[in-house]
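Student:
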Ligand SMILES: Cc1ncc(COP(=O)(O)OP(=O)(O)O)c(N)n1
Ligand SMILES: Cc1ncsc1CCOP(=O)(O)O
Ligand SMILES: [Mg+2]
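In the UniProt record's numbering, the protein residues as written are 1 to 205.
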């Protein structure tokens, strides 16, 4: 079963909470609550709803960006990008028990996050996506192969999650580059049945 991190998104059909609920029902064990342009109060309200549901499904819940909220609500962790709190500062605030993920687009980003104490890396984008504004350069399969071989050479052992415009058909090739997991949003939420789509995605090995 592929390791899948579902990234929440609000669509015309689904709320952030509903998007996560469907992924959980489909068997996903790792939810990232990402609510771009929402206030802290709005993120807190959804996180409070989602926390018990993730517990029921024995799934990990992390928040995008909001380190203080992660600490306050005692969810499992946070995902941080270049414009967010630096990872070493977040680690100081949260301690070792919380998961901290960092966004990387280059090998240099990887080294920086490794030194700062990240637990995993979200490397992307794999291809163009409308889910995120101001995308970094697209990596494609070659980008992953190159970054992962540089990590191997430098003895950097950190789990890598590929993200950005990934479809179910892409997953076998992406995993062959040595990536450990996949993060997805749009492909699941655009599917006619997001619960079934999640199941189908998870059946990749
Ligand atoms: C798993 C994963 N990888 C990358 C990102 C992107 O994070 P960031 O660069 O901080 O951009 P925003 O998501 O905050 O717009 C992510 N969220 N998750
Ligand atoms: C948060 C994020 N960071 C890079 S791409 C992306 C969104 C991924 O969503 P999708 O699977 O819809 O392309
Ligand atoms: Mg961010």
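Note that the Cβ used here is the ideal one computed from N, Cα and C, for glycine as well.
Cα-Cα, which of 2, 156, 196, 46 is closest to residue 114?
Tutor: As a first step, residue 114 is located in the chain shown; it is residue number 114 there, counting from the start. The candidate whose alpha carbon is nearest that of residue 114 is 156.
Student: I want to check one thing, is the minimum distance from the CB of residue 81 to the heavy atoms of ligand 1 below 7 Å?
Tutor: As a working mapping, residue 81 is identified with position 81 in the chain shown. Within the cutoff, so yes.
Student: Hey, residue 3 and residue 204: beta-carbon distance below 8 Å or not?
Tutor: Locating residue 3 in the chain shown gives position 3, where the first residue counts as 1. Locating residue 204 in the chain shown gives position 204, where the first residue counts as 1. No; because the gap between Cβ atoms is not below 8 Å, this pair is not in contact.
Student: Enumerate in chain order the residues of its own chain whose CB-to-CB distance from residue 174 is below 8 Å, with the five nearest sequence positions on each side excluded.
Tutor: Translated into positions along the chain shown, residue 174 becomes position 174. Once the five neighbours on either side are set aside, the close Cβ partners of residue 174 are 126, 141, 144, 162, 166, 182.
Student: Can you list, in chain order, the residues of its chain with a C-beta nearer than 6 Å to that of residue 210? Leave out the 5 residues immediately preceding and following it.
Tutor: As shown, the chain starts at 1 and ends at 205. That puts residue 210 outside it, with no answer to give.
Student: Quick one, which of 137, 158, 89 has its alpha-carbon nearest residue 110's?
Tutor: The count along the chain shown starts at 1 and reaches residue 110 at position 110. Nearest of 137, 158, 89 to residue 110, Cα basis: 158.
Student: Pick helix, strand or coil for residue 128, following the three-state DSSP scheme.
Tutor: The sequence position of residue 128 within the chain shown is 128, counting from 1. The three-state reading of DSSP puts residue 128 in coil, since its state is none of H, G, I, E or B.
Student: Are residue 195 and residue 26 close, meaning C-beta to C-beta below 8 Å?
Tutor: The residue labelled residue 195 in the question sits at position 195 within the chain shown. The residue labelled residue 26 in the question sits at position 26 within the chain shown. Result yes, Cβ atoms of residue 195 and residue 26 sit closer than 8 Å.
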